[in-house]
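One structure below.
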Ligand code: ADP
Ligand code: ZN
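In C-alpha cells:
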C-alpha cells in the first residue's frame, strides 16, 4: 500500500533529510514548508517538511503534530536553502535554522505579539514637586505619546516616577502593540523623486529590460562616493514595482544606514507600498510577523542585512546589494554563507536581475565584470559636481609624533576648526590601548581563553578581549614581577579622543565605535548631532566610513593605516584600499574639494597611493598579478577547514590525519597545512586549519563531496568547521 511520506530537515549536524509517515489524520493539513513535531531518537523535536511523496512507509515513524497552518518556507526559498546547504557543506537543518527569524527554528511555540505600556499626557499645567517628575513629564509632552522602552533610554529606572505621574492624573497609560522600530521615530525626509543625470539614466535603462522580462542578469554599479547610486536603486525598485514584482534590498548593517532606509520609506511607503525593514532591533515576535507578512505577499519591498537574503519573497523582481564589497555579507561562523554570492544564485533561480553597487567593488565582482559575467555600469562623477577630495599621504618617518597625531595632522585639524569645518578621524581600533605592558619585566596581559592581548579600556577601567568578551579588572601591579610600572601601549579610539580633548579643549568631540553605540539609539544620536553641527570632531572606527552622508565634513584623517595594511591576510591590500577610499569619500561632499590626510610609515604602498588618487582601476591592475601568482581569488578558489577542540594535541593529531586523508584523494587541489590558525586559541579552544586551494571549482567540489568519509574518523571532541570561499582566515 502506498502511503504519504514526508522528507524532513532537522536542526542537527547531519546532512541528510529524515523520512516520516504522514498519519491519516494529518493528511489534509500537511504541506511542504511547514514545521512539524516528530519523534527523534529518544526525544521529540521540530522538523521542516521539505518534500512530500508517495511510497512504502514500512516501519517509518509517524509525524506527531503539525505546527503551522500555512507554510513558513516557500518553494523558492527551499530551493535556495538546499543549494546553499550543498555549496557551503553545511547540514540543511542548521541552514534552515540560521536563515529563519529567531524563534521559528526552535522548539518554542510561536512568539506572541508583544505589548508595551505607552504614556500620554493628560494635564499639562499641573504643579509638580520633583525635578525628575518635571523633566519626565516635559519629555512625554514633547513626544505626544511614548513607550516605556524609549523612556528608559533617556531616564534610568523611570517606573516609580511614571507611576506617580499617573496617580496624580498627569499621564494616562495604555497597553499598545509595540513596534519597537528605531526608524518609526525617524522623520521622513523631504524627498522628491529626482531627475536622473545622464549616467544614472543609462544605468537604470540597462537594468530595466531584465526587470520587465523576468530574466536573470547581474550588474555591477561602480559609482564613486556621492555619485547617486542610491538614486539608481530607487528608480530600479520603482520599475520593479511597476512590473508588479517585489524588491529585496540588502545593506551591510541596517543601524548604520538609517538614511538609506529613510529614503526608501519616504519614496515608497507614502504611496501605500508595503515595506518590511528587517533589523536586529526587532523582537522575536516582530520578526515572526514580518516573515508571515512577506510569505502572505503583503510586502513589496524588503530591506535588511545579510540574513534578509532568505526573506521568503515569491515574486522577486530585483535584488540590490548595496556596498557589495562589505565583509559583513559573509557570515563569520557556523553556516558561513556569503549573502552577496547567494544573491546571484537566487537571481538565477527566481529569474530576476541582481544589482551590486559599490564605490570600491570587491575583487570578485570586478573580475566577474571584466569577464562579462556582470554588466558594469559606471557613475564616475559626483552628483553635485564637487571634485573628489584632495588626499595627502603623510610619511610618519619624516614627522615628529608625540602621541598619535603627527604635527601635519594637528595643524590641519587646527585650521579646519578655525574655518568651522567638521572633521572625521578614523582609527580602526577601539579601546584606549591595544595592550598593557609591564615596563619593568616586559610582561603583557593576555586573554585566558584566546591567544591575544587584552585591550585596555580606560573609561570603564577594564581589560577586554575583543574576541570572546572576557573582562578583567585593570591590574595594580604586574602579576609576574610585582612591578608597578604598567603602561598602555599603542592607541585606540578612546586614547585618540583624549588626546584631541587635550589638544583642542574648546572643540566638541565625539566618538563612534562599538563601545559608544552599543545602546539603542546611540548611533543615531551621534549622526543627528553631526548633521546639526553639534560635533566638530568625530573619532571612530571603520563605522564612520560606512554609508554616511555628512555634508559638513571637510577634513578626514586616517591613523593606523599600517595596521590594516599589515594584517596577515592576502586581502589586506584590498581592504585598506577600500576602507581608505570610502572614508576619504566622506570629505567635502557638499562643498566639494575636501581634504584628506592619511598618515603611514608606508606611504608608497600602492594601496595607499591608489586610494589617494581614488583610482580603483589602477589598484586592481597592480594587485591582480599577486593574486594570479599565488593562485588566490579571483584566480583560484579556497576552502578553509578549521579544526577546534579543548585538547590541543588531540586537535593537532586529528587535523594532521585529516590532512593525510585529503592529500591521498585530492586531484588538482592543493592541500596546505595543517597549521595553527593565526588565532591559535579562541574562546578556550585550540585551532588548526587546512587550506584547500584549486584553480577550478569542479575539482574542489569533488574533494568536498568526499569530506564526509574523513569526518567519520574525527574524534567527537574535535569540531570541523568548513568555510567555503573564506574571506578571513583568522
Ligand atoms: P551614493 O549612494 O552614490 O553615495 P547618493 O545616491 O546618496 O550617492 O547621492 C548623493 C546625493 O546626491 C544625495 O543627497 C542625493 O539626494 C543626491 N542626488 C542623487 N542623484 C541626484 C540627481 N539626479 N539630481 C540631484 N541630486 C541627486
Ligand atoms: Zn578572549
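Residue numbers (the numbering used here): 159 to 888.
For every residue, glycine included, the Cβ atom is placed at its ideal position computed from N, Cα and C.
For this session: Taking all protein chains shown into account, decide if residue 317 is buried (16 or more other Cβ within 10 angstroms of its Cβ) or exposed.
Result: exposed
For this session: Measure the Cβ-Cβ separation of residue 585 and residue 674 and say whether it is below 8 Å.
Result: no
For this session: Please write down, chain order preserved, every residue whose beta carbon lies under 6 Å from a heavy atom of ligand 2.
Result: 605, 607, 608, 623, 625, 626 and 628
For this session: Note down, in chain order, each residue of its chain lying with its Cβ closer than 6 Å to the Cβ of residue 681, except the 5 sequence neighbours on either side.
Result: 413 and 675
Exercise. Where does residue 724 sit, in a helix, a strand or coil, going by DSSP?
Worked result: coil
For this session: Starting from residue 909, follow its DSSP beta bridges and name the residues at the other end.
Result: As displayed, the chain neither begins before 159 nor continues past 888, which places residue 909 out of reach and without an answer.
Problem set entry | residue 642 to residue 635 span [Cα, whole Å] | 5 Å
Exercise. Who are the near neighbours of residue 357 in its chain, counting only those whose CB is closer than 6 Å to its CB and skipping five residues on each side?
Worked result: 537
Exercise. Taking the alpha-carbon positions, what's the residue 625 to residue 887 distance?
Worked result: 14 Å
Problem set entry | Distance, residue 842 Cα to residue 606 Cα | 7 Å
Exercise. In three-state terms, what does DSSP make of residue 611?
Worked result: strand
Exercise. Going by DSSP, what residues sit across from residue 593 in a beta bridge?
Worked result: 647
Problem set entry | residue 160 versus residue 189: straight-line alpha-carbon distance, rounded | 18 Å
Exercise. When you compare only the Cα positions, how much space is there between residue 452 and residue 490?
Worked result: 27 Å
For this session: Tell me, please, whether the region 561-571 touches the region 721-733 by the rule of three or more beta-carbon pairs shorter than 8 Å.
Result: no
For this session: Output the distance between the C-alpha atoms of residue 877 and residue 233, rounded to the nearest integer angstrom.
Result: 32 Å
Exercise. Where do the N-terminal and C-terminal ends of the alpha helix (DSSP H) with residue 361 fall, by residue?
Worked result: 356-370
For this session: Would you tell me roughly how many angstroms separate the C-alpha atoms of residue 163 and residue 170, rounded to the nearest one?
Result: 21 Å
For this session: For residue 639, count neighbouring Cβ atoms within 10 angstroms of its own Cβ and tell me buried if that reaches 16, exposed if not.
Result: exposed
Problem set entry | Meets three-Cβ-pair contact criterion under 8 Å: the region 238-250 and the region 841-857 | no
Problem set entry | contact_flag[the region 199-216, the region 451-468] where n(CB pairs < 8 Å) is 3 or more | no
Exercise. What is the rounded straight-line gap between the Cα of residue 713 and the Cα of residue 570?
Worked result: 8 Å
Exercise. Below 8 Å between beta carbons: does that hold for residue 871 and residue 826?
Worked result: no
Exercise. Exposed or buried, residue 463, counting other C-beta atoms within 10 Å across all chains shown (16 or more means buried)?
Worked result: buried
Exercise. Who are the Cβ neighbours of residue 839 in its own chain at under 8 Å, not counting the five residues just before and after it?
Worked result: 607, 608, 609 and 845
Exercise. So, helix, strand or coil for residue 564, using DSSP?
Worked result: strand
Exercise. From which residue to which residue does the alpha helix (DSSP H) around residue 255 run?
Worked result: 250-257
Exercise. Per DSSP, residue 176 forms a beta bridge with which residues?
Worked result: 166
Exercise. Quick one: does the C-beta of residue 781 sit closer than 7 Å to a heavy atom of ligand 1?
Worked result: no
Exercise. How about residue 280 and residue 329: do their beta carbons lie closer than 8 Å?
Worked result: yes
Exercise. Where does residue 692 land, buried or exposed, given buried means 16+ other C-beta within 10 angstroms?
Worked result: exposed
Exercise. What three-state label does DSSP hand residue 606 in the structure shown?
Worked result: coil
Exercise. With a cut-off of 8 Å, do at least 3 Cβ pairs link the region 750-770 to the region 732-739?
Worked result: yes
Problem set entry | Test item: CB-CB of residue 885 and residue 488 under 8 Å | yes
Exercise. Alpha carbon to alpha carbon, what distance is there between residue 382 and residue 573?
Worked result: 27 Å
Exercise. Would you call residue 272 buried or exposed, if buried means 16 or more other Cβ atoms sit within 10 Å of its Cβ?
Worked result: The pLDDT assigned to residue 272 is 45, lower than 50, so where the model puts this residue is not dependable; a value taken from the coordinates is nonetheless given after this. It counts as exposed.
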